[in-house]
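Trainee: Have a look at the structure that comes next, please.
Chains as they are written, first to last, in the UniProt record's numbering: chain E, 1 to 106; chain A, 1 to 417.
Here it is as structure tokens:
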């Protein structure tokens, strides 16, 4: 079971409290009635499915109830970071480098 | 190929079993093939077998990054049935079931197909209405499926608890008598042996790292950890990794990869005569010929390639199993594992042409690919050989997510199947 840090509650809680909500950073087209079938397929059906770094939404459904985003590795299932909805994608390379530097300083 | 028979067994018994050779060859890859199939599971090996047997195309390689049958073919719960709701699904799963019935004879390899019956439990009025709709649809289409009362269900599967005050009361069941199980490893090995005998190259430990295309967009071959291998046609049949491979050719596909878990108990004396599934409480169970209870759990909620899965998923399934079959409460579980299943939004597979000329896709079998192995392989071979889908797989196209012609088994089953 995953341990997930909710950026609103500022607390690490078990996966049982959360619901995965799929790919993050998908913006609903404002002209949804006018877009082509290809664009609709892209918006509605096509999702990232990377082997490695994924940006995904989670909802703290049995907690604060809010949606937030996470950067996670889909091979190790390790969370690099979680961040509030509306914030830009974090720089995962910088996060990893920061950890490395901290490790070296120790 | 040495034909397996009772006489071969007798002859080898007299010779101290020194005459059994390898079941399939392990050749060095050629520079170039007519067809490359990526993925050495049951679907991929079967497609190669049918390409050689039914379409006369033998200059074929099956590339497998690990060992054959080591992915989902070796990780599933081996359930076979064809009682789906929609015609597109019934077509392909029933085609598959008919091939299962004679597969051991066809391959001269005992796949241990056992039509012991698949019984799906109904727990409430919604289940009952949904199952009866399935039963009617199936019977109108010529597929066996019948409704059982709780007492009939208990008679068919004596360990079942049908008490009125049970935690998950049972108000009936749908039974497909031709459904059952088969030996998953034997399916991969049997197809590998048959394909290899007809000249197909089975190349293990060969991971595809890129798909090459010429200036017109046609595929020309694949880059692998054993160098470039040319091909005029490429079939992708790589389950959870299909979207990763399609990305190499620049094609995005509506697939999500998630862990699906299964587990087996310690071996027990034979006492569980059929396969029982319960969609509502999410559990499925059968007993293998070794005596282990084979139990299937659900998928995890997030995308992952980790081949493990959360403990809460299997405990949830075991909770349900212990309520349905109180006699299993003290049975010890022996092993647990996960496989990576590729799930589409409508929970129906994708088998068809892709926007890239020469590239064919067989994926999205999600949580129910094993039962489809012979049928899917047979029709995938047809697709690759002819360049257009067989009538029975014509609805499973990749472009249905654009045209809107979905095959919504997700809503029909309301559960992984």
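All C-beta atoms in this analysis are idealised placements derived from N, C-alpha and C, irrespective of residue type, glycine included.
Would you report the Cα separation of residue 5 (chain E) and residue 100 (chain A), rounded to the nearest angstrom?
Mentor: The residue you call residue 5 (chain E) lines up with position 5 of the first chain. The residue you call residue 100 (chain A) lines up with position 100 of the second chain. Their Cα atoms are separated by approximately 48 Å.
Trainee: Is any beta-carbon of chain A found at less than 8 Å from that of residue 69 (chain E)?
Mentor: Translated into the one-based positions of the first chain, residue 69 (chain E) becomes position 69. No - not a single Cβ of chain A is within 8 Å of the one on residue 69 (chain E).
Trainee: Could you check the C-alpha separation between residue 203 (chain A) and residue 374 (chain A) for me, to the nearest Å?
Mentor: Here residue 203 (chain A) refers to the residue found at position 203 when the second chain is read from its first residue. Here residue 374 (chain A) refers to the residue found at position 374 when the second chain is read from its first residue. When rounded, the distance between both Cα atoms is 21 Å.
Trainee: Where does residue 84 (chain E) land, buried or exposed, given buried means 16+ other C-beta within 10 angstroms?
Mentor: Within the first chain, residue 84 (chain E) is the residue found at index 84, counting from 1. Counting Cβ neighbours within 10 Å, residue 84 (chain E) comes out exposed, since fewer than 16 surround it.
Trainee: Which word fits residue 68 (chain A), buried or exposed, when buried means at least 16 other C-beta atoms lie within 10 angstroms of its C-beta?
Mentor: As a first step, residue 68 (chain A) is located in the second chain; it is residue number 68 there, counting from the start. Buried.
Trainee: Can you tell me whether residue 243 (chain A) is helix, strand or coil according to DSSP?
Mentor: Position 243 of the second chain, counting from 1, holds the residue named residue 243 (chain A). Helix, per DSSP.
Trainee: List the residues of chain E whose Cβ lies closer than 9 Å to the Cβ of residue 347 (chain A), in chain order.
Mentor: Mapped onto the second chain, residue 347 (chain A) falls at position 347. Correct list: empty, because the minimum Cβ distance to chain E is about 13 Å.
Trainee: Between the beta-carbon of residue 62 (chain A) and the beta-carbon of residue 40 (chain A), is there less than 8 Å?
Mentor: Counting from 1 along the second chain, the entry for residue 62 (chain A) is found at position 62. Counting from 1 along the second chain, the entry for residue 40 (chain A) is found at position 40. Going by C-beta atoms, residue 62 (chain A) is nearer than 8 Å to residue 40 (chain A).
Trainee: Anything in chain A within Cβ reach of residue 19 (chain E), meaning under 9 Å, just list it in chain order.
Mentor: Here residue 19 (chain E) corresponds to residue number 19 of the first chain, with the count starting at 1. Those are 301, listed as they occur along chain A.
Trainee: Given a cut-off of 8 Å on the beta-carbon distance, is the pair residue 392 (chain A) and residue 349 (chain A) in contact?
Mentor: On the second chain, position 392 is the one that residue 392 (chain A) refers to. On the second chain, position 349 is the one that residue 349 (chain A) refers to. It is not a contact, given that the beta carbons lie outside the stated cut-off.
Trainee: Do residue 251 (chain A) and residue 354 (chain A) have their beta-carbon atoms positioned less than 8 Å apart in this structure?
Mentor: Mapped onto the second chain, residue 354 (chain A) falls at position 354. Mapped onto the second chain, residue 251 (chain A) falls at position 251. Cβ atoms of residue 354 (chain A) and residue 251 (chain A): closer than 8 Å.
Trainee: What does residue 310 (chain A) touch in chain E if you count any residue whose Cβ is under 8 Å from its own?
Mentor: Position 310 of the second chain, counting from 1, holds the residue named residue 310 (chain A). The answer, in chain order, is 1, 2, 15.
Trainee: Compile a chain-ordered list of the residues in the segment 38-67 of chain E whose CB is closer than 9 Å to at least one CB of chain A.
Mentor: Result list: 38, 40, 41, 42, 44, 45, 46, 47, 48, 49, 50, 51, 52, 54, 56, 58.
Trainee: Where residue 1 (chain E) and residue 12 (chain E) are concerned, what is the direct C-alpha to C-alpha distance, given to the nearest angstrom?
Mentor: Your numbering for residue 1 (chain E) matches position 1 in the first chain. Your numbering for residue 12 (chain E) matches position 12 in the first chain. Rounded to the nearest angstrom, the two C-alpha atoms are 13 Å apart.
Trainee: Can you tell me whether residue 417 (chain A) is helix, strand or coil according to DSSP?
Mentor: Counted from its first residue, the second chain places residue 417 (chain A) at position 417. Residue confidence for residue 417 (chain A) is low, a pLDDT of 48 falling below 50, so the modelled location carries little weight; the figure read from the coordinates is stated next. Residue 417 (chain A): coil per DSSP, three-state reduction.
Trainee: Any C-beta of chain E within less than 9 Å: which residues of the segment 148-164 of chain A qualify?
Mentor: Listed in sequence order: no entries.
Trainee: DSSP has residue 33 (chain A) in a bridge; who is on the other side?
Mentor: Stepping through the second chain from its first residue, residue 33 (chain A) is reached at position 33. BP columns for residue 33 (chain A) point to A:231.
Trainee: Skipping 5 residues on each side, what residues in its chain have a beta carbon closer than 8 Å to that of residue 86 (chain E)?
Mentor: Translated into positions along the first chain, residue 86 (chain E) becomes position 86. Nothing listed; no residue qualifies.
Trainee: Let's test the definition: count the other Cβ atoms within 10 Å of the Cβ of residue 365 (chain A) and tell me whether it reaches 16, buried, or not, exposed.
Mentor: As a working mapping, residue 365 (chain A) is identified with position 365 in the second chain. Residue 365 (chain A) comes out buried.
Trainee: Can you tell me where the alpha helix (DSSP H) holding residue 315 (chain A) begins and where it ends?
Mentor: As a first step, residue 315 (chain A) must be located in the second chain, where it is residue number 315. 311-324 is the extent of the alpha helix (DSSP H) around residue 315 (chain A).
Trainee: Taking the alpha-carbon positions, what's the residue 346 (chain A) to residue 265 (chain A) distance?
Mentor: The sequence position of residue 346 (chain A) within the second chain is 346, counting from 1. The sequence position of residue 265 (chain A) within the second chain is 265, counting from 1. Each residue's Cα considered, the two are about 32 Å apart.
Trainee: Can you tell which of A:379, A:249, A:214 has its C-alpha closest to the C-alpha of residue 362 (chain A)?
Mentor: Within the second chain, the letter at position 362 stands for residue 362 (chain A). The candidate whose alpha carbon is nearest that of residue 362 (chain A) is A:379.
Trainee: Which ranges does the alpha helix (DSSP H) cover as unbroken runs of at least 4 residues, wholly within the segment 115-147 of chain A, from first to last along the chain?
Mentor: Qualifying alpha helix (DSSP H) stretches, in chain order: 125-140.
Trainee: Taking Cβ positions only, does residue 244 (chain A) come closer than 8 Å to chain E?
Mentor: If you number the second chain from 1, residue 244 (chain A) lands on position 244. Chain E contact via Cβ: present.
Trainee: Taking just the CA atoms, how far does residue 137 (chain A) sit from residue 417 (chain A)?
Mentor: Stepping through the second chain from its first residue, residue 417 (chain A) is reached at position 417. Stepping through the second chain from its first residue, residue 137 (chain A) is reached at position 137. The predicted model places residue 417 (chain A) with a pLDDT of 48, which falls under 50 and marks its position as unreliable; any figure quoted below should be read in that light. If you take the alpha carbons of residue 417 (chain A) and residue 137 (chain A), they lie about 18 Å apart.
Trainee: For residue 75 (chain A), does the count of other Cβ atoms within 10 angstroms reach 16, so buried, or fall short, so exposed?
Mentor: Within the second chain, the letter at position 75 stands for residue 75 (chain A). When all chains shown are included, residue 75 (chain A) counts as buried.
Trainee: Strictly under 8 Å for the Cβ-Cβ distance: is residue 256 (chain A) near chain E by that measure?
Mentor: Within the second chain, residue 256 (chain A) is the residue found at index 256, counting from 1. Yes, residue 256 (chain A) counts as interfacial toward chain E.
Trainee: Roughly how many angstroms separate the alpha carbons of residue 9 (chain E) and residue 63 (chain E), rounded to a whole number?
Mentor: By one-based count along the first chain, residue 9 (chain E) stands at place 9. By one-based count along the first chain, residue 63 (chain E) stands at place 63. Whole-angstrom Cα-Cα distance: 8 Å.
Trainee: Note down, in chain order, every chain E residue with its Cβ under 7 Å from the Cβ of residue 304 (chain A).
Mentor: If you number the second chain from 1, residue 304 (chain A) lands on position 304. Those are 74, 77, listed as they occur along chain E.
Trainee: For residue 71 (chain E), which of helix, strand or coil comes out of DSSP?
Mentor: Working through the first chain from its first residue, we reach residue 71 (chain E) at position 71. It is a strand residue.
Trainee: Give me the residue from A:342, A:290, A:262, A:272 with the minimum Cα distance to residue 311 (chain A).
Mentor: Along the second chain, one-based indexing puts residue 311 (chain A) at 311. Comparing Cα-Cα distances from residue 311 (chain A) to each of A:342, A:290, A:262, A:272, the minimum goes to A:262.
Trainee: Can you list the beta strand (DSSP E) stretches of 3 or more residues lying completely in the UniProt domain "Rhodanese" (35-79) of chain A, in chain order?
Mentor: Here the runs fully enclosed are 60-63.
Trainee: Within 10 angstroms of the Cβ of residue 352 (chain A), are there 16 or more other Cβ atoms? Answer buried if so, exposed if not.
Mentor: Position 352 of the second chain, counted from the first residue, corresponds to residue 352 (chain A). Result: buried.
Trainee: Would a check of beta-carbon distances place residue 402 (chain A) closer than 8 Å to chain E?
Mentor: In the second chain, residue 402 (chain A) corresponds to position 402, counting from 1. True, the Cβ-Cβ gap to chain E drops below 8 Å.
Trainee: Is residue 89 (chain A) helix, strand or coil when you go by DSSP?
Mentor: As a position in the second chain, residue 89 (chain A) is number 89, starting the count at 1. Correct three-state label for residue 89 (chain A): helix.
Trainee: What number of angstroms, rounded off, separates the C-alpha of residue 322 (chain A) from the C-alpha of residue 42 (chain E)?
Mentor: Taking the first residue of the second chain as 1, we reach residue 322 (chain A) at position 322. Taking the first residue of the first chain as 1, we reach residue 42 (chain E) at position 42. Their backbone Cα atoms lie some 43 Å apart in a straight line.
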